[in-house]
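Chains as they are written, first to last, in our numbering: chain A, 1 to 370; chain W, 1 to 370. For every residue, glycine included, the Cβ atom is placed at its ideal position computed from N, Cα and C. Beneath this line is the structure, given in structure tokens, with notes to follow.
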DNA sequence: TTGTAGGCGTTATCAT
DNA sequence: ATGATAACGCCTACAA
């Protein structure tokens, strides 16, 4: 911008804002051609004499040379960057997945660009476009945010790995949410519960749909009736759990157990029950999903189906990497595990579980130390 | 992937993996030069006749043209990408900050590259290097991860905004952590507590140091002694809070109140106390920091100093944007607010707060509904 | 072992 | 109003 540095150029070393040295500077200082410098700096297999190599390395060091990846990417048609679409990073669920992705990505020098879609189609579209303009090598899409139409709008999309979707003709990493919900519900049934409600996730979420399916399947298998008003939908959040609980427990004959489709919902529910003078697990049993770090630290500690979120992230990136290198892309289904803690117990022997509020000094409030 | 499209190239429209059309394709199809196409596509002020413009636009649409930002960035020497260094995205604290950053960034079409440093110097260095090779326009560094030496190693770094640091000659966004801790501690003092402990954060964290300073200052101002063994250091985590609590409560004369330097620590501590048969707030009062969404949903609900994390993220990005445009960069200090809930109450009238375990049915266990 | 030259896709400058 | 050309920084055939 200054009139006189167009020609002064970087050779002078003058402190322009963008004064990073180019490979030509390095080559010049080492007394070699750019090609030779490049060969040394990229660790090419092309032979270079040891003395020359040393001079180039020294020059690069002295100049604080940093290769311009833009130029390199333009030429090689690959950026070693990947785009990640999640509904919301501030949701612990996705935050942990993102961590797994980033850890795996950084191991191969790849950069991760995050995008929060809020599950909104317009955001998905614009982020997708921006990511493709940046020529990311691949995409990881979590939270079932992506639809066929989004991709159709775009020629030549890079490889995509989806997290938590199935039935899509795209490589995916997921858990068996149906089976997970069956396990959670069966646990309650085996404890003796007969009226089991479900705090289900939002209608747009496939994960939510699968867990609801599993819940119903377990009920059916046990010959228990599936009452429509024992299912409340809501966000996978603290507030969602609370609000759903308000609906579930607004009746005269409330359930004795609840399958909450996320730990956040479960915690919101437990709080609500507490305010209503209902004790967990004495009056109501609650099981959550995800086994977030929190689950074992709440009072009472939450029984939860562990979903290996960090691993999901890692595997998604591993899958994408394979897609980028070879091509083989087996879908991955990770195992889940029910972690039984303190929020689940047999139902009260008596039929009306909701006889009295807080006060009642029964036995010890919760099982015991961790 | 299909065997026969390797040579089909993009001109034919065949679906090669990297078949995105270039501006030359668009120009060709519209019967104009690349320069004209560029002028239309970039919304340049340079005049273009309406019919030509239409043809270019149509061609671009037909071809599914996506500008190659690599080439553009190379030329313009700016990438509209920013790098964000955080200790760990899976920590809710940073996850929310990141969300704020990304929201603000996307409003100006900037991409966010996330990096998890785990507060390790080697990771900081390598991420920094990678980010600079990618020629990010700017950097946001959270968690006091950066030191002078890291930057010194590098010529011509782009603008940097730090989060949560002060005393560094870099534009910053932060809160008054000393004042926040004074407020939290004073709250306990005003409740009548005299033995107040502190679950402090890790020694490397400036935030932790500031909060500890505030805690001590409040004690001193109230004429209360500062006992060294009433301070336990640990990670800002559930486990950290738990372990710190073990040390704090290993003595015969435990404190009656604790300033926990994060909500996570506070929750870990509450759980530990529960296991030990100590009731919160009856036997021990606890105040946390951050006011995470969880704070109002735990049982009992956590008294906490609210830190506006989302806003911190947004402001950091806003500051960086200003740095990139004009240059003015006033440091930002955001206000905090003490949110009093259910974990703090006056100490037991009797002197030995730890007389009996669980059983004792005192008054109503917690204040009341939210 | 080293150097030369061409091109990756854009945009800015300078004609026309 | 439009077009030709150079340059951004790098890598890789190909030549020497």
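Cβ-based burial, residue i [other Cβ within 10 Å; buried from 16]
{"i": "residue 163(W)", "result": "buried"}
{"i": "residue 256(A)", "result": "buried"}
{"i": "residue 44(W)", "result": "exposed"}
{"i": "residue 227(W)", "result": "exposed"}
{"i": "residue 208(W)", "result": "buried"}
{"i": "residue 140(W)", "result": "buried"}
{"i": "residue 118(A)", "result": "exposed"}
{"i": "residue 33(A)", "result": "exposed"}
{"i": "residue 234(W)", "result": "buried"}
{"i": "residue 278(W)", "result": "buried"}
{"i": "residue 20(W)", "result": "buried"}
{"i": "residue 185(A)", "result": "buried"}
{"i": "residue 314(W)", "result": "buried"}
{"i": "residue 49(W)", "result": "exposed"}
{"i": "residue 374(A)", "result": "With chain A covering only 1 through 370, there is no way to say anything about residue 374(A)."}
{"i": "residue 39(W)", "result": "buried"}
{"i": "residue 312(W)", "result": "buried"}
{"i": "residue 340(A)", "result": "exposed"}
{"i": "residue 342(A)", "result": "buried"}
Residue range of the unbroken alpha helix (DSSP H) whose run includes residue i
{"i": "residue 79(A)", "result": "Note, residue 79(A): premise wrong, no alpha helix (DSSP H); not H, not E."}
{"i": "residue 189(A)", "result": "177-190"}
{"i": "residue 124(A)", "result": "121-133"}
{"i": "residue 28(W)", "result": "23-30"}
{"i": "residue 220(W)", "result": "206-221"}
{"i": "residue 105(A)", "result": "92-107"}
{"i": "residue 60(W)", "result": "50-63"}
{"i": "residue 168(W)", "result": "Where residue 168(W) is concerned, there is no enclosing alpha helix (DSSP H), given that its DSSP letter is neither H nor E."}
{"i": "residue 277(A)", "result": "That residue, residue 277(A), is in no alpha helix (DSSP H); it is neither H nor E in DSSP."}
{"i": "residue 238(W)", "result": "238-248"}
{"i": "residue 328(W)", "result": "Looking at the DSSP string, residue 328(W) is not in any alpha helix (DSSP H), and its letter there is neither H nor E."}
Sheet register partners of residue i (DSSP bridge)
{"i": "residue 291(A)", "result": "Paired residue(s): none; residue 291(A) is not in a bridge."}
{"i": "residue 303(W)", "result": "287(W)"}
{"i": "residue 174(A)", "result": "333(A)"}
{"i": "residue 339(A)", "result": "304(A)"}
{"i": "residue 85(W)", "result": "115(W), 141(W)"}
{"i": "residue 228(A)", "result": "According to DSSP, residue 228(A) bridges with nothing at all."}
{"i": "residue 233(A)", "result": "200(A)"}
CB contact check: residue i to chain A, cutoff 8 Å
{"i": "residue 187(W)", "result": "no"}
{"i": "residue 337(W)", "result": "no"}
{"i": "residue 135(W)", "result": "yes"}
{"i": "residue 124(W)", "result": "no"}
{"i": "residue 56(W)", "result": "no"}
{"i": "residue 265(W)", "result": "no"}
{"i": "residue 150(W)", "result": "no"}
{"i": "residue 15(W)", "result": "Note on residue 15(W): pLDDT 36, under 50, position unreliable in the model; the coordinate value appears next. Yes, contact with chain A."}
Span of the beta strand (DSSP E), counted from its first residue to its last, around residue i
{"i": "residue 113(W)", "result": "111-116"}
{"i": "residue 146(W)", "result": "Neither: residue 146(W) is in no beta strand (DSSP E) and is coded neither H nor E."}
{"i": "residue 141(W)", "result": "138-142"}
{"i": "residue 40(W)", "result": "Segment 34-41 is the alpha helix (DSSP H) holding residue 40(W); no beta strand (DSSP E) there."}
{"i": "residue 162(W)", "result": "160-163"}
{"i": "residue 199(W)", "result": "196-200"}
{"i": "residue 258(W)", "result": "257-260"}
Within-8 Å CB hit, residue i to chain W
{"i": "residue 44(A)", "result": "no"}
{"i": "residue 88(A)", "result": "yes"}
{"i": "residue 74(A)", "result": "yes"}
{"i": "residue 102(A)", "result": "yes"}
{"i": "residue 99(A)", "result": "yes"}
{"i": "residue 95(A)", "result": "yes"}
{"i": "residue 348(A)", "result": "no"}
{"i": "residue 67(A)", "result": "yes"}
{"i": "residue 331(A)", "result": "no"}
{"i": "residue 288(A)", "result": "no"}
{"i": "residue 23(A)", "result": "no"}
{"i": "residue 305(A)", "result": "no"}
{"i": "residue 41(A)", "result": "no"}
{"i": "residue 181(A)", "result": "no"}
Check: residue i C-beta below 7 Å from any heavy atom of the ligand HEM
{"i": "residue 264(W)", "result": "Within the structure as shown, the ligand HEM is missing, as the structure has no ligands at all."}
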